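Residue 456 in this note's numbering sits at position 239 of the sequence shown; the count goes up by one each step and never skips.
Note that the Cβ used here is the ideal one computed from N, Cα and C, for glycine as well.
In this text the structure is predicted, and so the values were computed from the model without any measurement.
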Amino acid sequence: MPPIRIRISTIMAALLAGAGLILAYQLASTLLLVFAGVLLAVVLDVAALGLKRILPIHRLARLAIVTTIACLLLIAAIVWGGMRLLNEAKNLIDIASQQASMIAERLEALGFAVPGKDGGSNAASLQSYLPDPEQLFGHAQSTFSAATGVVVNTVIILFLAIFFAANPAGYRDGFLKLLPVDRRARIGQVLEETGHTLRWWLVGQLATMAIVAVSIGLMLLLMGIPNAVLLGLLAGALNFVPFLGPILAGIPVLLAAMPEGLAMLALVMGLFIIIESIEGYLINPLIQKRAVYLPPAWSLAALVAFGALFGGMGVALATPILAVARILVLRLYVEDVLERPRPSPSAAPDRARI
Numbered sequence: 218m219p220p221i222r223i224r225i226s227t228i229m230a231a232l233l234a235g236a237g238l239i240l241a242y243q244l245a246s247t248l249l250l251v252f253a254g255v256l257l258a259v260v261l262d263v264a265a266l267g268l269k270r271i272l273p274i275h276r277l278a279r280l281a282i283v284t285t286i287a288c289l290l291l292i293a294a295i296v297w298g299g300m301r302l303l304n305e306a307k308n309l310i311d312i313a314s315q316q317a318s319m320i321a322e323r324l325e326a327l328g329f330a331v332p333g334k335d336g337g338s339n340a341a342s343l344q345s346y347l348p349d350p351e352q353l354f355g356h357a358q359s360t361f362s363a364a365t366g367v368v369v370n371t372v373i374i375l376f377l378a379i380f381f382a383a384n385p386a387g388y389r390d391g392f393l394k395l396l397p398v399d400r401r402a403r404i405g406q407v408l409e410e411t412g413h414t415l416r417w418w419l420v421g422q423l424a425t426m427a428i429v430a431v432s433i434g435l436m437l438l439l440m441g442i443p444n445a446v447l448l449g450l451l452a453g454a455l456n457f458v459p460f461l462g463p464i465l466a467g468i469p470v471l472l473a474a475m476p477e478g479l480a481m482l483a484l485v486m487g488l489f490i491i492i493e494s495i496e497g498y499l500i501n502p503l504i505q506k507r508a509v510y511l512p513p514a515w516s517l518a519a520l521v522a523f524g525a526l527f528g529g530m531g532v533a534l535a536t537p538i539l540a541v542a543r544i545l546v547l548r549l550y551v552e553d554v555l556e557r558p559r560p561s562p563s564a565a566p567d568r569a570r571i
């Protein structure tokens with residue numbers, strides 16, 4: 218058996234690739250923030266391009282208008298939606314308290330001992346069910362820290378998006394200068410195709426989200442469910458995440474329908490499932506077929522893997538990352554490495570005869 222020869226360059230390439238993967242994993246949260254900034258920059262660029270039909274002014278001026286409108290809408294959504302959610306949370310707590318009192322009265326009528334109804338030991342027993350104030354303070358502190366982190370990350374993503382959208386060619390050319398000269402043109406073409414893919418994927422996703430938001434909001438409004446507009450917008454926003462998003466969107470909708478009775482709850486649940494099924498099996502495939510096709514199994518696998526590795530941010534960005542990775546693998550590995558024509562053996566010089 219002839220000895221296996223391994224080039225030093227191959228070993229160095231493998232070591233550098235391994236070190237790069239380890240470094241990328243350690244900087245995963247930062248890289249995800251950067252990718253989220255790129256994604257939002259694509260959204261701003263698409264909006265500025267659409268505004269060109271109405272206002273044929275300089276691109277940076279259109280970008281400034283779009284960014285200002287987006288910031289105002291975000292602030293309004295946080296203020297208005299946050300206050301509505303707090304009020305709904307208070308209402309749900311009151312409803313849960315009333316339901317608990319009714320259940321306690323029914324249990325007492327059936328002869329069961331209800332803790333805390335008559336005072337004394339029962340009151341002490343009820344006290345044992347209450348959470349420790351120190352634990353409540355700890356939960357409040359952790360919740361405040363998490364909320365602060367979300368706000369800070371949102372601000373960072375917004376600024377990154379503004380910088381990327383203002384001068385995309387400058388950042389792209391700066392990245393290409395780090396690569397070998399003979400590969401710059403090809404990788405530049407792949408980056409252009411990647412941007413085109415992301416742009417059309419986002420257009421399709423935003424169209425799907427808008428259809429879901431209007432459908433669910435209109436359905437809840439016609440059925441007399443409170444805060445129908447807010448719940449519709451929330452359902453549309455959560456549909457950005459495939460598979461998991463519709464499930465999360467259904468929770469606040471069902472909670473809002475719960476005080477209206479079991480019949481209304483069942484009706485809302487049935488209509489919600491019908492709308493999400495039509496979106497998932499009919500509307501979304503038709504839109505994404507014209508934009509970017511991603512196999513459902515790949516999308517679900519990416520969702521699970523990125524969620525396990527990187528948490529909520531990974532879940533939110535799994536699908537667009539998969540869309541970008543698909544283009545990079547097809548162009549730079551499948552076409553440029555596996556399918557690259559190789560010289561035939563007869564064309565090579567016969568060193569044995571030289």
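Cβ-Cβ distance between residue i and residue j below 8 Å
i      : j      : result
Ala258 : Ala378 : yes
Ile433 : Ile504 : no
Leu520 : Val509 : no
Ala427 : Leu438 : no
Ala473 : Leu455 : no
Ala574 : Leu511 : Only positions 218 to 571 of the chain appear in the structure, and residue 574 is not among them; the question remains open.
Leu488 : Met436 : yes
Thr411 : Pro459 : no
Leu534 : Leu291 : no
Met440 : Val485 : yes
Separation of residue j from residue i, as counted between CA atoms
i      : j      : result
Arg557 : Ile404 : 15 Å
Ile495 : Pro463 : 12 Å
Gly529 : Ile239 : 21 Å
Ile468 : Leu244 : 33 Å
Leu461 : Val398 : 43 Å
Ile374 : Ala253 : 6 Å
Leu499 : Ile228 : 49 Å
Ile295 : Ala281 : 21 Å
Pro273 : Val283 : 14 Å
Ala231 : Tyr242 : 17 Å
Val372 : Arg279 : 21 Å
Glu552 : Leu545 : 10 Å
Val554 : Arg543 : 15 Å
Pro476 : Thr414 : 44 Å
Pro385 : Arg416 : 13 Å
Ala236 : Arg270 : 48 Å
Phe376 : Val255 : 11 Å
Ala402 : Gly391 : 13 Å
Leu293 : Ile286 : Checking the displayed sequence, the identity of residue 293 turns out to be Ala instead of Leu. Near 10 Å, if we compare the C-alpha coordinates of Ile286 and Ala293.
Glu325 : Met319 : 10 Å
Ala525 : Glu322 : 44 Å
Ala364 : Leu289 : 20 Å
Leu268 : Leu393 : 30 Å
Gly366 : Phe523 : 20 Å
Leu266 : Leu517 : 32 Å
Ile490 : Gly478 : 18 Å
Ala234 : Gly387 : 27 Å
Met300 : Ser362 : 19 Å
Neighbourhood of residue i by C-beta distance below 7 Å, restricted to the same chain and skipping five residues each side
i      : result
Ala452 : Val429, Ala430, Ile433, Ala466, Val470
Asn370 : Leu250
Ile225 : none
Pro443 : Ala473
Chain-order list of residues whose beta-carbon lies under 8 Å from that of residue i (same chain, five-residue window excluded)
i      : result
Phe389 : According to the sequence shown, residue 389 is Arg rather than Phe. Counting only Cβ-Cβ distances below 8 Å, and skipping sequence neighbours, we find Gly405, Leu408.
Leu396 : Ile404
Residue closest to residue i, alpha-carbon to alpha-carbon, out of the options
i      : options                        : result
Gly421 : Thr285, Asn501, Ile274, Gly366 : Asn501
Ala514 : Phe527, Leu539, Ala363, Leu526 : Leu539
Leu450 : Gly387, Trp297, Gly497         : Trp297
Ser246 : Phe527, Leu479, Val541         : Phe527
Phe380 : Tyr550, Leu277, Leu289         : Leu277
Phe457 : Gly497, Ala234, Pro443         : Gly497
Trp418 : Leu233, Leu327, Val541         : Val541
Residues near residue i in its chain [Cβ-Cβ closer than 6 Å; skip 5 each side]
i      : result
Ala264 : Val283
Arg548 : Val407
Phe327 : Residue identity differs from the one stated: residue 327 is Leu in this sequence, not Phe. Closer than 6 Å at the Cβ level, and outside the excluded window around Leu327, lies no residue.
Min CB distance residue i to chain D below 8 Å
i      : result
Gln505 : Among the chains of the structure shown, chain D does not appear; only one protein chain is present.
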